[in-house]
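*Asks:* Take the working numbering: the final residue in the sequence shown is number 189, and no numbers are missing along the way.
Beta carbons: idealized from backbone N, C-alpha and C, even for Gly.
There's a structure below that I have some questions on.
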Amino acid sequence: MYKFALLLSATLLTTQVAAQTPASSNTTQTQCDDFTNVELRKLRSKETINLCQFKDKPLLIVNTASNCGFTPQFEGLEALNKEYKDQGLVILGFPSDDFFQEEDDEKETADVCFINYGVTFNMFATSEVRGSGANPVFQHLNKVTSSPNWNFYKYLVSADRKTVTRFNSKTKPQSEKLRKAIETELATQ
1 MYKFALLLSA TLLTTQVAAQ TPASSNTTQT QCDDFTNVEL RKLRSKETIN LCQFKDKPLL
61 IVNTASNCGF TPQFEGLEAL NKEYKDQGLV ILGFPSDDFF QEEDDEKETA DVCFINYGVT
121 FNMFATSEVR GSGANPVFQH LNKVTSSPNW NFYKYLVSAD RKTVTRFNSK TKPQSEKLRK
181 AIETELATQ
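Right under this line is the structure:
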């Protein structure tokens, strides 16, 4: 009887501790010690993502806008996503109104991305990508390269986070230059 009471007490204590543990976002609990150790809210969602879950994977980070001449690049970015995601490439989109070409309403931004262009890669809430108010990811990118001069700048970040290659807006997602850089990075994994 004593053993049963002890076992019951231990079970209740474990259940109580588990119930009091705060719920986290739908992300892995992987820790990383670089600029990706940040929790960001997804576009038009309450869900957040800790970018540490993409540890050891190359990243293609893009500042986007809904009303820009380069907005059709979403189509090419989605094609890259479909082609390379199973090989490890992670594409991250950051809508920004820094160049005054983003919707005021997140729903409209989401519609452009998800409905008009069928984007399936991660898109985050609208944020600044330039200056002192830049989100933490772009603060790092701006420090190691330079701030984007316009929408749809692309930053290819190596899986070990030691190399960042910057591509301007005119570099199309399907360009040989960008594809070759992606394939080279994927080959080094």
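Residue 88 and residue 186 look like a contact to me (Cβ under 8 Å); what is the Cβ gap, rounded to whole Å?
*Replies:* 6 Å
*Asks:* Put residue 38 into one of helix, strand or coil per three-state DSSP.
*Replies:* coil
*Asks:* With 16 other CB atoms within 10 Å as the buried threshold, where does residue 11 fall?
*Replies:* Residue placement at residue 11 is poorly supported in this model, since its pLDDT is 43, which falls under 50; the coordinates are not used for a value here.
*Asks:* Would you decide whether residue 31 is buried or exposed? Buried here means 16 or more other CB atoms lie within 10 Å of its CB.
*Replies:* exposed
*Asks:* If contact is defined by three or more beta carbon pairs under 8 Å, each pair taking one atom from either stretch, is the region 153-167 in contact with the region 105-114?
*Replies:* Segments in contact, no.
*Asks:* Scan the region 120-158 and note each continuous alpha helix (DSSP H) run of 4 residues or more that stays entirely inside, going in chain order.
*Replies:* 136-144
*Asks:* According to DSSP, which residues form a beta bridge with residue 50?
*Replies:* 39
*Asks:* If I follow the unbroken alpha helix (DSSP H) through residue 81, where does it start and stop?
*Replies:* 73-84
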